[in-house]
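Residue numbers (our numbering), protein chains in the order written: chain A, 10 to 322; chain B, -14 to 291. C-beta: ideal position from N, C-alpha, C; glycine also. Note that the structure is a prediction, hence the values are computed from the model and not measured.
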């Protein structure tokens, strides 16, 4: 197994290389002249030339990519055009809120979505199933910021149960930290819950048709342990996969959720960077999130072998 | 037991089947559009709502709207009333008119991205699946692209270009096309194993004919289903891009940028966000329903599973 894990880790290196290559090529894929766009409408030709040189657009692609790649490997993501600070430093300052938001969302989503999917599969073709599935379709159809405003309007403005906006660092106490994260996490978790619940239901339906489930029923095993011990364990692989893949939704959604709830995390950093046309920051954030996403899916692959000893690569 | 079986059959052993009509009512199957709608309610409802949205987009000037960019500073942020059905925004523009015209942007982006992403993904997936030596390289690049969360990819591209509808469609297409390419490649690889494809190759069928006669027709169903999901996700992505200021400039009303303008006032004037949100969610819901319905109708094996 350790051999497999080692090989799997080695396999992520070329993927990360291609991610880096692609993120870097965005400067060349984008239509029009990126330097002129970043410089803004009032820029003089000298400004544009300066930015072009700063982005390295005046030198050959491969030379520039090699240089950039080596600097990224050393943790140097470039310098912000607006503040002049190193991008890696600006990202490091903003990691805590985003990480908190995503971890809380992950926990809420998993604890809500999996029971939902299991119950929907158990009560297949009843009204419970239909309610869960309707929720799932709805979750895919309402943009995350709309959910955010709806929840904030209902639970913060009208009912006054939770804070409207803002973030409290965890070092100032766990409850204030958590209290501020409940609404954003539920908002961000909406699509994620829909996705996980849908796959859980599908995977459970498949497993519940197996012979050993019928045998367990015949033995008189209780419904609860059939569902959660016999079936869920064997339905776990697709569920774990989609939890990993869905992190992409969480990352994209975090950018928006942080804007709605005024959380000073990486999402806010990105949105502010868009308004200031501060491309090095956007590039750095995209690269970092993509690496995290690759690592999470590496973790998922490793989890497979723990969940299902039959899997051997 | 054995003796019983060995004796010749008597009258009582033979169970005479009753005539079929007594047991099974002949299944009434309505024909025509109504029958289709009853058999596939998801397609009917989704398609119906989508049709209404198309009509709104097409007939926006005739639906009692005023100029969506007409500014009236004295009538800013009015609540919904007889004059302003959906209220007015920070510049006094009529939100009802902006929402009606906004349908054009969302539908164009959704269907534009669905079309171009499917087309590009189809070509890349076909090449990857049919041309053996290219598969490794193409799939590595696609793995790399798919490791970038699509919204971030679109944001990064929009940060490098001017906000316009064409650029938004391009950015979301680049973010969505790898998914189609991977789906198409998977289908091609499984179709290649089919005996009829082997037979066609053995009969000397040339590559273009092989693709257009034998591979493509069998791929249409999954691509159409995938295209509807891409359409839904593109409309959501457009609204997110516009919402964070990386999308379509406010001079062209889109459901996303109407909501973006209501952002700072949402606590006191929630209606600015509410109306475009309802229209956007309804449209995306309709497209998703249509996708689910098409999936069940085109691939009955998948029906009711996911």
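Buried or exposed for residue 128 of chain B, please, with buried defined as at least 16 other CB atoms from any protein chain shown within 10 angstroms of its CB.
Flag for residue 128 of chain B reads buried.
Name the chain A residues that come within less than 9 Å of residue 88 of chain B, Cβ to Cβ?
Going along chain A, no residue has its Cβ under 9 Å from residue 88 of chain B, so there is no contact; the nearest lies around 16 Å.
If you count every other CB in all the chains shown that lies within 10 Å of the CB of residue 84 of chain B, and 16 or more means buried, which is it?
Buried: at least 16 other Cβ atoms inside 10 Å.
Taking DSSP as the reference, what is the three-state secondary structure of residue 307 of chain A?
In the structure shown, residue 307 of chain A sits in a helix (DSSP, three-state: H, G or I).
Return yes when the Cβ of residue 279 of chain B is within less than 8 Å of the Cβ of residue 209 of chain B, no when it is not.
It is a contact, given that the beta carbons lie within the stated cut-off.
With a threshold of 6 Å on Cβ separation, who are the neighbours of residue 158 of chain B within its own chain once the five nearest residues in sequence on each side are excluded?
Excluding residues within five positions, the ones whose Cβ falls inside 6 Å are 98, 101, 102.
Output, in sequence order along the chain, the residues in the segment 30 to 51 of chain A whose CB is closer than 8 Å to any CB in chain B.
Cβ contacts with chain B: 30, 31, 32, 35, 36, 38, 39, 40, 41, 43, 46, 47.
Who are the neighbours of residue 132 of chain B on chain A, taking C-beta pairs under 9 Å?
Result: 24, 25, 27, 28, 31, 257, 299, 300, 302, 303, 306.
DSSP three-state label for residue 138 of chain A, please.
Helix at residue 138 of chain A.
Which chain B residues are close to residue 286 of chain A, counting only those with a beta carbon under 8 Å from its beta carbon?
Here the neighbours are 144.
Within 10 angstroms of the Cβ of residue 292 of chain A, are there 16 or more other Cβ atoms? Answer buried if so, exposed if not.
Residue 292 of chain A should be labelled buried.
Taking only three categories from DSSP, how would you classify residue 53 of chain A?
Note: residue 53 of chain A maps to coil in three-state DSSP.
Along the segment 108 to 142 of chain B, what residues have a CB closer than 8 Å to any CB found in chain A?
Residues 125, 126, 128, 129, 130, 132, 133, 134, 135, 136, 137, 138, 140, 141, 142.
What span of residues does the alpha helix (DSSP H) with residue 230 of chain A cover, start to end?
Looking at the DSSP string, residue 230 of chain A is not in any alpha helix (DSSP H), and its letter there is neither H nor E.
Quick check on the burial criterion: 16 or more other C-beta atoms within 10 angstroms. Buried or exposed for residue 249 of chain A?
Buried, because 16 or more other Cβ atoms sit within 10 Å of the Cβ of residue 249 of chain A.
Could you please give the first and the last residue of the uninterrupted alpha helix (DSSP H) stretch that includes residue 198 of chain B?
It is not in any alpha helix (DSSP H) - residue 198 of chain B carries neither H nor E in the DSSP assignment.
Rank A:21, A:302, A:64, A:66 by C-alpha distance to the C-alpha of residue 251 of chain A and give the top, closest one.
If we check each option's Cα against that of residue 251 of chain A, A:302 comes out closest.
What three-state label does DSSP hand residue 92 of chain A in the structure shown?
In the structure shown, residue 92 of chain A sits in coil (DSSP, three-state: anything other than H, G, I, E or B).
Given that residue 292 of chain A touches chain B, what residues does it touch there, using C-beta distances under 8 Å?
Residues of chain B passing the Cβ test: 141.
Beta carbon of residue 35 of chain B, beta carbon of residue 275 of chain B: below 8 Å?
Their beta carbons are under 8 Å apart, which means residue 35 of chain B touches residue 275 of chain B by this criterion.
Can you tell me whether residue 18 of chain B is buried or exposed, with buried defined as 16 or more other CB within 10 angstroms of its CB?
Residue 18 of chain B comes out exposed.
Any idea if residue 68 of chain A is buried or exposed, counting beta-carbon neighbours within 10 angstroms, 16 or more meaning buried?
Residue 68 of chain A comes out exposed.
Residue 79 of chain B by DSSP, collapsed to three states: which one?
Strand, per DSSP.
Under DSSP, the alpha helix (DSSP H) around residue 229 of chain B begins and ends at which residues?
Unbroken run through residue 229 of chain B: none, as it is neither H nor E.
Taking 8 Å as the CB-CB limit, is residue 279 of chain B close to chain A?
So no, residue 279 of chain B is outside the interface.
Within 8 Å of any Cβ in chain B, is that where the Cβ of residue 176 of chain A sits?
It does not; no Cβ of chain B falls within 8 Å.
Does the distance from the CB of residue 149 of chain B to the CB of residue 240 of chain B come in under 8 Å?
No, the pair does not count as a contact, with Cβ atoms beyond the cut-off.
According to DSSP, is residue 283 of chain B helix, strand or coil?
Reduced to three states, the DSSP call for residue 283 of chain B is helix.
If you measure from the beta carbon of residue 231 of chain B to each beta carbon in chain A, is any gap under 8 Å?
So yes, residue 231 of chain B belongs to the interface.
CA-CA distance, residue 203 of chain A and residue 257 of chain A?
If I take the Cα positions, the gap works out to 14 Å.
Keeping to the same chain, check which residues put their C-beta closer than 8 Å to that of residue 120 of chain B; ignore five residues upstream and five downstream.
113, 114, 170.
Could you check how far apart the C-beta atoms of residue 257 of chain B and residue 250 of chain B are, in whole angstroms? I think they sit under 8 Å.
Their Cβ separation, rounded to whole angstroms, is 6 Å, which keeps residue 257 of chain B and residue 250 of chain B in contact under 8 Å.
For residue 247 of chain B, I'd like the list of residues in its chain whose CB is within less than 6 Å of its CB, leaving aside the five on either flank, ordered along the chain.
Within the same chain, residue 247 of chain B has close Cβ partners 257, 258.
Name, please, each residue of chain A whose Cβ falls closer than 8 Å to the Cβ of residue 273 of chain B.
In chain order: 146, 149, 150.
For residue 194 of chain B, count neighbouring C-beta atoms within 10 Å of its own C-beta (all shown protein chains included) and say buried if the count is 16 or more, exposed if not.
By the 10 Å Cβ count, residue 194 of chain B comes out exposed.
Return the residues of the segment 196 to 218 of chain B that lie within a Cβ-Cβ distance of less than 9 Å from chain A, sorted by chain order.
For the segment 196 to 218 of chain B, which is checked against every Cβ of chain A, the residues closer than 9 Å are 214, 217, 218.
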